[in-house]
Amino acid sequence: MAAEIISPRPLNDQDPIDPAFALHRGGKMEITATVPVRDADDLSLAYTPGVARVCTAIADNPELVNDYTWKSNVVAVVTDGTAVLGLGDIGPEASLPVMEGKAILFKQFGGVDAVPIALATTDVDEIVETVVRLAPSFGGVNLEDISAPRCFEIERRLQEALSIPVFHDDQHGTAVVTLAALRNAARLTDRTLADLRAVISGAGAAGIAIAKILVGAGIGDVVLCDRQGAVHVGRTDLTDVKREIAELTNRGGLAGSLVDVLAGADVFIGVSGGTVPEEAVATMAKDCFIFAMANPDPEVHPEVAHKYAAVVATGRSDFPNQINNVLAFPGIFAGALQVRASRITEGMKIAAADALAGLVGDDLTAAQVIPSPFDARVAPAVTRAVAAAARAEGVARL
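Quick note on the numbering used here: the sequence shown kicks off at 2 and runs consecutively.
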């Protein structure tokens, strides 16, 4: 069957234009000046000859670039268009509406300026080299919608090459918000993370990052599952990344399919798509948690999940407890930039998750284990927590 062609124009005079196209016409963002240029005096300060004095000062002391340019409050949002939302490899041009959207979320929710950069290459070496060459213009780099497993190497190499925060949001933003929601779900049922065994469906970027942050936060045990089943040290078909995570997880040595390891589990976390049979969900532990985050179709539909789970979360905005990355990345970058952190550590991510969880407070219910993205307290709380953690971990320069 041929793919449906979506037209930005109405089919006839009676059909309204698709509101998504109407909103996106001309793009969703622009650059505006923060200083006036009203006359010759303004021009001589904002540009030549006044700008030359600032340039000379920065040449003599490069750290001044953070004080006298926008560098210390601007992030590059970088993609190669290979893993865009649920659309897959659609290319750099088609990724730009999403990257613009990410940039305006940075500004609206974190007060951080961001520039979308879509690269016409999928080669790891070329991506790394390009971003390194662009880095003098930015205070941080947010990698976005880059397919696994290349995203792991790209992030690692950029973190090694640069002294500014590099953060792959598809991995770590999802992990931070998941941890926050799981902490509150455990609190709601008078348990701790240490009491829980979690099963993650999907051993890609998000699944591996979630597993790592849960281990760092003290989860009882976590088992990752890929298409071949449970990831464990006895498997001979693992990639280097999966072999590394196998050493940190599945302390019970469980093998078999997702259905097999789900039996008796306290937590299901879905970041893979597909459908988990209801019969498998029914084998989970009493008062379990189901975080089915695939979009638009959760791995376990909430109607099914609520039959068995004490807490249900999804990635959708039309159900309670949305695991939404916008709760994390604006505040994480704002905190890191505020103290001019050289990188974003695991401790900074856990601090962000703890701050998010703490905002729910006495309002904690099964339908509210995570704050709303529109809660005005979110970004400031995450910013403060991340900045404090950066100082505590010795990566802050302010």
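Glycine is no exception: its CB is placed at the ideal position from the N, C-alpha and C atoms.
From this set, the options, which residue's C-alpha is nearest residue i's C-alpha?
i	options	result
arginine 198	Leu120, Gly265, Lys72 and Thr315	Gly265
serine 210	Asp171, Val260, Pro98 and Arg184	Serine is not the amino acid found at residue 210; the sequence shown has alanine there. Nearest C-alpha to alanine 210: Asp171.
serine 148	Gly102, Thr190 and Ile91	Ile91
valine 142	Pro117, Pro37 and Pro150	Pro117
valine 383	Phe375, Val361, Asp364 and Ala335	Ala335
alanine 176	Ala329, Leu338 and Ala393	Ala329
leucine 135	Ile351, Lys287, Ala162 and Phe153	Ala162
valine 340	Glu394, Lys308 and Ala306	Glu394
leucine 263	Gly111, Met100, Leu239 and Tyr309	Tyr309
valine 301	Gly275, Met285, Val396 and Asp319	Gly275
phenylalanine 320	Val327, Pro299, Leu338 and Asn326	Pro299
threonine 83	Gly51, Pro150 and Glu101	Pro150
valine 36	Pro63, Pro20 and Trp71	Trp71
threonine 284	Val260, Ile59 and Gln160	Val260
phenylalanine 110	Val327, Val38 and Thr237	Val327
proline 297	Thr80, Leu88, Cys152 and Ile246	Leu88
threonine 173	Asp227, Cys152 and Ser164	A quick correction: the sequence has histidine, not threonine, at residue 173. Of the candidates Asp227, Cys152 and Ser164, the one whose C-alpha sits nearest the C-alpha of histidine 173 is Cys152.
leucine 225	Asn251, Lys29, Asn67 and Ala306	Asn251
alanine 354	Leu338, Asn325 and Asp364	Asn325
isoleucine 333	Leu365, Val133, Ala247 and His169	His169
histidine 307	Leu24, Gly51, Val282 and Arg392	Val282
valine 361	Asn322, Asp42 and Val125	Asn322
Buried or exposed for residue i, going by 16 or more other Cβ atoms inside 10 Å?
i	result
methionine 349	buried
alanine 77	buried
serine 45	exposed
methionine 2	For methionine 2, the pLDDT reaches just 39, beneath the cut-off of 50, and the residue's location in the model is therefore unreliable, leaving the point undetermined.
glycine 205	buried
proline 303	buried
alanine 390	buried
isoleucine 32	exposed
leucine 399	exposed
aspartate 40	exposed
lysine 287	exposed
alanine 4	Low per-residue confidence applies at alanine 4: pLDDT is 45, beneath 50, and the placement is therefore not dependable enough to give any value.
aspartate 241	exposed
proline 331	buried
proline 20	exposed
leucine 215	buried
alanine 34	exposed
proline 63	exposed
threonine 80	buried
proline 166	buried
aspartate 227	buried
alanine 247	buried
leucine 65	exposed
alanine 121	exposed
isoleucine 18	exposed
leucine 24	exposed
Please say whether residue j and residue i have beta carbons closer to each other than 8 Å?
i	j	result
phenylalanine 139	valine 75	yes
isoleucine 128	isoleucine 155	yes
glycine 271	glycine 203	yes
glycine 208	histidine 233	no
alanine 186	isoleucine 201	no
lysine 108	alanine 115	yes
alanine 367	leucine 249	no
glycine 230	serine 273	no
aspartate 267	phenylalanine 292	no
alanine 342	alanine 380	no
methionine 100	glutamate 130	no
alanine 352	alanine 386	yes
isoleucine 59	tyrosine 48	no
glycine 112	lysine 29	no
leucine 338	serine 164	no
glutamate 280	valine 305	no
leucine 159	valine 132	yes
Tell me the DSSP bridge mates of residue i?
i	result
histidine 169	Leu144
arginine 198	Asp222
glycine 271	Ser202 and Ala293
valine 38	BP columns for valine 38 are empty, so no partner.
glutamine 369	Thr366
glycine 230	Asp227
proline 117	Val78
valine 312	Phe290
glutamine 323	Thr315
alanine 85	Correcting the residue identity first, residue 85 is valine in this sequence and not alanine. Note: valine 85 sits in a beta bridge opposite Gly89.
Is there at least one non-hydrogen atom of the ligand SAM closer than 7 Å to the beta-carbon of residue i?
i	result
proline 299	Ligands displayed in this structure: none; no statement on the ligand SAM is therefore possible.
Check whether the Cβ of residue i lies closer than 8 Å to any Cβ atom in chain C.
i	result
glutamate 300	Looking for chain C here will not work: only one protein chain is present.
key: At least three beta-carbon pairs within less than 8 Å, the region 220-228 to the region 194-211   = yes
inquiry  = Is it the case that the region 310-319 contacts the region 339-346, given that we only count it when at least three CB pairs across the two stretches are under 8 Å?
reply    = Touching, no, given that fewer than three Cβ pairs across the two stretches are closer than 8 Å.
query = Taking one C-beta from the region 369-387 and one from the region 179-187 each time, how about it: are there three or more such pairs within less than 8 Å?
reply = yes
request  = Would you check if the region 48-58 and the region 92-103 touch, i.e. whether three or more CB-CB distances between them fall below 8 Å?
outcome  = Taking one beta carbon from each stretch, the region 92-103 and the region 48-58 have fewer than 3 pairs nearer than 8 Å; the two do not touch.
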